[in-house]
Amino acid sequence: MKLKYKFKIDSPLDFWDIPARIYFMAATLFFLIPFYLIGFLTVKDDLPHRTGIVNRIHILQKSHSSWEANFTLEGDTSHTYWQGYENLYPFFLFPPKYKLDDYIIHKGDTISFFIDNDKNGNYIKSDRFFPGEGHSFESDEVIYTEGLVVNGKEIASPLVAAFIRTPLTWLGNVG
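Numbered by the numbering used here, the letters in the sequence shown go through residues 37 to 211 in order.
And the structure:
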């Protein structure tokens with residue numbers, strides 16, 4: 037059976053009279069649909085919301101598409117908050133993901149975020165001999181946050197956080 041379809045350029049590689057690019061497109065959809073479906077289904081929309089002015093901030097820039105921040109708010113210096121993003125699939129989240137790249141929060145900025153009490157945040161420890169270098173470790177004394185609005189500008193929505201924590205992204209971080 038010969039299928040009738042119109043393509044502008046003939047494909048040099050075909051199987052059963054179907055060009056290979058059709059197989060690649062189907063395979064891409066096969067992997068992207070679960071990625072987006074899991075992301076949309078894992079958005080946490082019932083998290084408590086917090087707004088305040090940054091009193092102290094410590095940012096650890098791991099790579100171009102990965103950063104972590106510890107911060108405290110004015111009037112609430114007894115709590116340390118954490119927010120971090122690491123994404124190996126930036127092209128899946130275009131354009132919302134790119135608002136995170138190289139963004140710096142300053143002391144005195146007004147920020148809003150959501151608090152997730154089900155998770156522990158990370159405490160960032162800098163290397164005193166190499167400025168800008170450091171590492172982080174999980175701490176039950178640090179409050180985990182997601183979604184970030186700085187001075188009225190949305191930097192990371194909870195939806196972006198949901199996509200970044202999907203199991204498919206976790207598999208990518210393992211490899």
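We put the CB at the ideal spot given by N, CA and C, even for glycine.
I'd like to check one pair, residue j with residue i: are the Cβ atoms closer than 9 Å?
| i | j | result |
| --- | --- | --- |
| L68 | F150 | no |
| E110 | I93 | no |
| I141 | A192 | no |
| T116 | I179 | yes |
| W103 | T181 | no |
Quick one, which of the options has its alpha-carbon nearest residue i's?
| i | options | result |
| --- | --- | --- |
| V196 | E110, Y121 and D154 | Y121 |
| N187 | W118, A56 and T146 | T146 |
| E177 | L184, T108 and V185 | T108 |
| E190 | D154, K143 and T87 | T87 |
Any idea if residue i is buried or exposed, counting beta-carbon neighbours within 10 angstroms, 16 or more meaning buried?
| i | result |
| --- | --- |
| P131 | Bear in mind that the predicted position of P131 carries a pLDDT of just 45, short of 50, making it unreliable; the figure below should be weighed with that in mind. P131 comes out exposed. |
| T64 | exposed |
| T113 | exposed |
| L184 | buried |
| I144 | Before going further, note that residue 144 is Gly rather than Ile in the sequence given. G144 is exposed by the Cβ-count criterion. |
Considering residue i, what are the terminal residues of the alpha helix (DSSP H) in which it resides?
| i | result |
| --- | --- |
| I141 | Careful: I141 lies outside any alpha helix (DSSP H) and carries neither H nor E. |
Taking the continuous beta strand (DSSP E) assigned at residue i, which residues delimit it?
| i | result |
| --- | --- |
| E190 | K189 to A192 |
Would you list the one or two residues that DSSP bridges to residue i?
| i | result |
| --- | --- |
| L109 | V90 and D112 |
| L73 | Beta-bridge pairing links L73 to no other residue. |
| T181 | I151 |
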